[in-house]
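Read left to right, the sequence shown gives residues 34 to 302 (our numbering).
To keep things clear, I will list the structure first and then write my remarks on it.
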Amino acid sequence: MLDVERLQSDLPSHGLGEPLHFFQSIGSTNDHAMSLARDGAPHGTLVVAEEQTEGKGRFGRKWFTPPNSALAFSLLLRPEGIPIEAMGDLTALGALAVAEAIEGLGIEGQIKWPNDVMLIGQKVAGVLVEGSWIGDQLEHAILGIGINVRPESVPPKEEIDIPATCIDTAVGGRVDRHDLMLKVIEGAGKWLPQLGSPALINAWNQRLAYRDQAVIVKLSKHEIVGKLLGVGVGGRLQLMLNTGEIFEVAFGDVHLRPVDMKSKSAKLV
Ligand code: BT5
34 MLDVERLQSD
44 LPSHGLGEPL
54 HFFQSIGSTN
64 DHAMSLARDG
74 APHGTLVVAE
84 EQTEGKGRFG
94 RKWFTPPNSA
104 LAFSLLLRPE
114 GIPIEAMGDL
124 TALGALAVAE
134 AIEGLGIEGQ
144 IKWPNDVMLI
154 GQKVAGVLVE
164 GSWIGDQLEH
174 AILGIGINVR
184 PESVPPKEEI
194 DIPATCIDTA
204 VGGRVDRHDL
214 MLKVIEGAGK
224 WLPQLGSPAL
234 INAWNQRLAY
244 RDQAVIVKLS
254 KHEIVGKLLG
264 VGVGGRLQLM
274 LNTGEIFEVA
284 FGDVHLRPVD
294 MKSKSAKLV
């Protein structure tokens, strides 16, 4: 069980994590943070739950958070004047904070564009950013992070579309969920003032999964095969097509998979 008093005494970090709203079970920490935001809750508000019954992925997908085995939390951010283009960077900021926290445990995490954190090709964490806008200005954003920590947090294979793992399995031990969450929040706070900066894009690129490899990007109506060059300004994914042309993919509902180079036709692996 997470120790709420311990969390309260160690937070805020870089202005994030206070006030803390803790739930043994909740529908979705993102939904709760969004409703707190509408009621005027301050920047840095943190919603943590030991279990989510309606945990959300992107585009209406589900995120599984069984009790006492994962980390599921949402931060309410009220950044001044963040342009719409920086929304993609906010997702990266979350994934980067998770990847760096994992590195602190001696294991190497990779970021699968745009929002997955992977360990040896298996998904260990996901990030969901939801925003509320007034015109083209961001009023508030909810940065939701889900991390599989114990083996019980890993969903059954038939429930998920890419293989999943958890931190304990990768580390070969039992990590302290409290310390891990603090590290992620600290990392998010550290990167927040650098949203949209070349430093953030560089750190993202250094951990980018499938870099320099052939990938398939499934867009809503068609697929594109190309070499993944990296992430550019605005968090756009850059691919080199076999014509030599550079193709940029903006943030959206995109499925990214490596190409199995051994097969003649492009095949999802
Ligand atoms: C994500 O979406 O990966 C974003 C997940 C964000 C979860 C956090 S938890 C705290 C906060 N509150 C919420 O309600 N949500 C956020 P997406 O890229 O769309 O991936 C969703 C897909 O990941 C699903 O369709 C499954 O295939 C797979 N999946 C679901 N639960 C998983 C888990 N625990 N581990 C690995 N894969 C999972």
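All C-beta atoms in this analysis are idealised placements derived from N, C-alpha and C, irrespective of residue type, glycine included.
Computed from a predicted structure; not experimentally measured.
If you drop the 5 nearest sequence neighbours on each side, which residues of the same chain put their C-beta closer than 6 Å to that of residue 243? Mapped onto the sequence shown, residue 243 falls at position 210. The answer, listed in chain order, is 261 and 291.
At the level of alpha carbons, what is the spacing between residue 65 and residue 277? Residue mapping note: residue 65 aligns to position 32 of the sequence shown, counting from 1. Residue mapping note: residue 277 aligns to position 244 of the sequence shown, counting from 1. Going from the Cα of residue 65 to the Cα of residue 277 covers about 46 Å.
Measure the Cβ-Cβ separation of residue 106 and residue 131 and say whether it is below 8 Å. As a working mapping, residue 106 is identified with position 73 in the sequence shown. As a working mapping, residue 131 is identified with position 98 in the sequence shown. Not closer than 8 Å, so no.
Measure the alpha-carbon distance for residue 129 versus residue 220 and round it to whole angstroms. Residue numbering aside, residue 129 sits at position 96 when the sequence shown is read from its first letter. Residue numbering aside, residue 220 sits at position 187 when the sequence shown is read from its first letter. Going by the C-alpha atoms only, they are around 8 Å apart.
Assuming the contact rule is C-beta atoms closer than 8 Å, residue 289 and residue 146 should be a hit. Round their C-beta distance to whole Å, please. Against the sequence shown, residue 289 aligns to sequence position 256. Against the sequence shown, residue 146 aligns to sequence position 113. So it is a contact: roughly 6 Å between Cβ atoms.
Mind pulling the alpha helix (DSSP H) runs of 4 or more residues that sit fully within the stretch 209-286? You should have 210-224 and 231-239.
Determine the direct distance from the alpha carbon of residue 133 to that of residue 46, and round the result to whole angstroms. For the purposes of this step, residue 46 is taken as the residue at position 13 of the sequence shown. For the purposes of this step, residue 133 is taken as the residue at position 100 of the sequence shown. Residue 46 and residue 133: Cα-Cα distance of roughly 16 Å.
Just mark residue 207 as buried or exposed, buried being the case when its beta carbon has 16 or more other beta carbons within 10 Å. Taking the first residue of the sequence shown as 1, we reach residue 207 at position 174. Burial call: exposed.
Could you pull out every residue in the same chain whose Cβ sits closer than 7 Å to the Cβ of residue 119, ignoring the five residues on either side in sequence? Numbered from 1 along the sequence shown, position 86 holds the residue referred to as residue 119. A distance below 7 Å between beta-carbons, with the five flanking residues on each side excluded, links residue 119 to the following residues of its chain, in chain order: 228 and 229.
Can you check which of these residues, 136, 197 and 164, is closest to residue 157 by C-alpha distance? The count along the sequence shown starts at 1 and reaches residue 157 at position 124. Checked all of 136, 197 and 164; the closest Cα to residue 157 is 197.
Would you identify the three-state DSSP class for residue 35, choosing helix, strand or coil? As a position in the sequence shown, residue 35 is number 2, starting the count at 1. DSSP places residue 35 in coil when its eight states are reduced to three.
Does the beta carbon of residue 49 fall short of 7 Å from some heavy atom of the ligand BT5? The count along the sequence shown starts at 1 and reaches residue 49 at position 16. Outside the cutoff, so no.
In terms of alpha-carbon separation, which member of 204, 148, 37 and 75 lies closest to residue 122? Start at 1 with the first residue of the sequence shown, and residue 122 comes out as number 89. Minimum Cα distance to residue 122 is reached at 148.
Inter-residue Cα distance where the pair is residue 90 and residue 61: Residue 90 sits at position 57 when you count from the first residue of the sequence shown. Residue 61 sits at position 28 when you count from the first residue of the sequence shown. Whole-angstrom Cα-Cα distance: 10 Å.
DSSP bridge partner residues for residue 291 (one or two, in chain order): Taking the sequence shown and counting its residues from 1, one reaches residue 291 at position 258. Note: residue 291 sits in a beta bridge opposite 248.
Say the cut is 7 Å; is the CB of residue 97 nearer than that to a heavy atom of the ligand BT5? What you label residue 97 is simply residue 64 of the sequence shown in a count that begins at 1. For the ligand BT5, at least one heavy atom lies less than 7 Å from the Cβ of residue 97.
Near residue 56, which residues of its chain fall below 6 Å by C-beta distance, leaving aside the five closest residues on each side in sequence? In the sequence shown, residue 56 corresponds to position 23, counting from 1. Same-chain partners within the cutoff: 82.
Whose C-beta lies closer than 8 Å to the C-beta of residue 44 among residues of the same chain, with five residues either side of it excluded? Translated into positions along the sequence shown, residue 44 becomes position 11. Beyond the five residues adjoining it in sequence on each side, residue 44 comes within less than 8 Å, by CB distance, of 50, 51, 53, 79, 215 and 218 in the same chain, given in chain order.
CB residue 104 to CB residue 195, shorter than 8 Å? By one-based count along the sequence shown, residue 104 stands at place 71. By one-based count along the sequence shown, residue 195 stands at place 162. Taking 8 Å as the Cβ cut-off, residue 104 and residue 195 do not qualify as a contacting pair.
Put residue 136 into one of helix, strand or coil per three-state DSSP. Start at 1 with the first residue of the sequence shown, and residue 136 comes out as number 103. Of the three classes helix, strand and coil, the one that applies to residue 136 here is helix, per DSSP.
For residue 187, tell me which candidate among 75, 159, 111 and 74 has the shortest Cα-Cα distance. Walking along the sequence shown from the start, residue 187 turns up at place 154. Distance from the Cα of residue 187 is smallest, within the candidate group 75, 159, 111 and 74, for 159.
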